[in-house]
Amino acid sequence: MPADAPPRSDILVRPAHLAGPGGIDLPFRLASEHGWHRPFDAPTALVLISPQEGLALNRQHQQWSLTSTEGWTVRFCDRVPSEVSYDLITAAQEAEADPAAATAPMTGNRATVLLLKSGWSGFNRDGYRLVAAPDRRAALSWPESAPDPGPALTAAAETGVWTVQFSRSAPDHLLTAATVALLQPVARQPEQIPEQFRGLVHAGAVTADRTEDGPVARSTAARARGIASHPALRHLPSPALPPLATHYSPAGQGRRQPDPR
Numbered sequence: 028m029p030a031d032a033p034p035r036s037d038i039l040v041r042p043a044h045l046a047g048p049g050g051i052d053l054p055f056r057l058a059s060e061h062g063w064h065r066p067f068d069a070p071t072a073l074v075l076i077s078p079q080e081g082l083a084l085n086r087q088h089q090q091w092s093l094t095s096t097e098g099w100t101v102r103f104c105d106r107v108p109s110e111v112s113y114d115l116i117t118a119a120q121e122a123e124a125d126p127a128a129a130t131a132p133m134t135g136n137r138a139t140v141l142l143l144k145s146g147w148s149g150f151n152r153d154g155y156r157l158v159a160a161p162d163r164r165a166a167l168s169w170p171e172s173a174p175d176p177g178p179a180l181t182a183a184a185e186t187g188v189w190t191v192q193f194s195r196s197a198p199d200h201l202l203t204a205a206t207v208a209l210l211q212p213v214a215r216q217p218e219q220i221p222e223q224f225r226g227l228v229h230a231g232a233v234t235a236d237r238t239e240d241g242p243v244a245r246s247t248a249a250r251a252r253g254i255a256s257h258p259a260l261r262h263l264p265s266p267a268l269p270p271l272a273t274h275y276s277p278a279g280q281g282r283r284q285p286d287p288r
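The opening residue of the sequence shown carries number 28 in the numbering used here; numbering runs sequentially from there.
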């Protein structure tokens, strides 16, 4: 489910993995728009549970976890672009509310195809299958051998890296939903973009189209066109490019490596 239209003062930024977490308030949105609630006697770490009570959102030490009574877990940190977190959570809720919804096991095939079609490249390294962004600052990774914790989306963040870790038993469509969100331009205030990435992202003006249902929504065409540097970014300092690309593991640890190309 897409996020609401951004304020008109926002700009659309790509790639999303360098845009910072943004301003979506996950608990507020889930409670006010999707019926999530917090039980009266809930433990401290439990933030909300879904209306069907099959999903639980927990937060502890700046780490979130989405758990299901089906036994799977998705973990992510505060630095993840909030559109990615929001879309995978709402995708999980939509599947929970529809018993007939497909719950295909995790393969990562659809996410991999989407990334490859968007210019990402696949290769193997250090015991992982990787699909890396063109700038080598983000990757979908998966261990090639046991123990297999499942796939992870990981990218450079303002400090360290951000990671979305899917358990091996998580439904495949959650990774697909997160990947779709990651490949879209995202709305940000210029100051929300991490300082070291302001010279690396591209941005365009937000435009709005009126959908058939009436509400104003972000224009997909406008988002696709948002690739030129926006004047608002020129008023912010742009640091120098880092000397080497970074290789990321599902555990969220980054180390500098030569570009594999």
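Glycine residues also receive a C-beta, built at the ideal position from the N, C-alpha and C atoms.
State yes or no: is the C-beta of Leu-209 within less than 7 Å of the C-beta of Ala-46? Judged by their CB atoms, Leu-209 and Ala-46 are not nearer to each other than the 7 Å cut-off.
For Gly-49 versus Pro-108, is the C-beta distance shorter than 7 Å? Yes.
Gly-135 versus Pro-170: straight-line alpha-carbon distance, rounded: Gly-135 and Pro-170 have their C-alpha atoms some 12 Å from each other.
Indicate whether Leu-93 and Ile-116 have their beta-carbon atoms separated by less than 7 Å. It is a contact, given that the beta carbons lie within the stated cut-off.
Within 10 Å of its beta-carbon, does Arg-261 have 16 or more other beta-carbons around it, so buried, or fewer, so exposed? Confidence is the limiting factor: at Arg-261 the pLDDT is only 39, short of 50, which leaves the residue's position unreliable, though a coordinate-based value still follows. Exposed, since its Cβ has fewer than 16 Cβ neighbours within 10 Å.
Ala-118 versus Gly-226 - alpha carbon distance: Straight-line Cα distance between these residues: approximately 33 Å.
With 16 as the cutoff for other CB atoms within 10 Å, does Thr-71 come out buried or exposed? By the neighbour-count criterion, in which a residue is buried when 16 or more other Cβ atoms sit within 10 angstroms of its Cβ, Thr-71 is exposed.
Starting from Ala-231, follow its DSSP beta bridges and name the residues at the other end. The amino acid at residue 231 is misidentified as Ala; the sequence shows Gly. Residue pairing from DSSP places Gly-231 in a beta bridge opposite Leu-39.
Between Ala-69 and Glu-110, what straight-line distance do the alpha-carbon atoms span, to the nearest angstrom? About 26 Å.
For the pair the region 82-89 and the region 141-156, tell me if three or more CB-CB distances fall below 8 Å. No, the region 82-89 is not in contact with the region 141-156.
Where does Asp-240 land, buried or exposed, given buried means 16+ other C-beta within 10 angstroms? Any reading at Asp-240 must be qualified, since the residue scores a pLDDT of 34, below 50, and its modelled position is unreliable; the value itself is stated next. It counts as exposed.
Tell me, to the nearest whole angstrom, how far the beta carbon of Arg-156 is from that of Thr-203; I am working on the premise that it is less than 8 Å. About 17 Å separates the beta carbon of Arg-156 from that of Thr-203, a gap too long to meet the 8 Å contact definition.
Counting C-beta neighbours from all protein chains within 10 Å, is the total for Phe-103 16 or more, i.e. buried, or is it exposed? By the 16-neighbour rule on beta-carbons within 10 angstroms, Phe-103 is buried.
Return yes when the Cβ of Ala-182 is within less than 7 Å of the Cβ of Arg-164, no when it is not. Yes; because the gap between Cβ atoms is below 7 Å, this pair is in contact.
Contact defined as beta carbons within less than 8 Å: I believe Gln-192 pairs with Asp-37. What is the distance between those atoms, to the nearest angstrom? The Cβ separation is near 29 Å, so there is no contact.
Pull up the CB-CB distance for Gly-177 and Ala-205, whole angstroms please, since I reckon it's below 8 Å. Contact annotation, Gly-177 with Ala-205: C-beta distance approximately 12 Å; criterion of less than 8 Å not satisfied.
Can you tell me where the alpha helix (DSSP H) with Gln-120 in it begins and where it stops? Counting along the chain, the alpha helix (DSSP H) containing Gln-120 begins and ends at 109-124.
My output table needs one value for Ala-208: the three-state DSSP class, helix, strand or coil. Residue state, collapsed to three classes: helix.
Could you have a look at Phe-193 and say whether DSSP puts it in helix, strand or coil? Phe-193 falls in the strand class under three-state DSSP.
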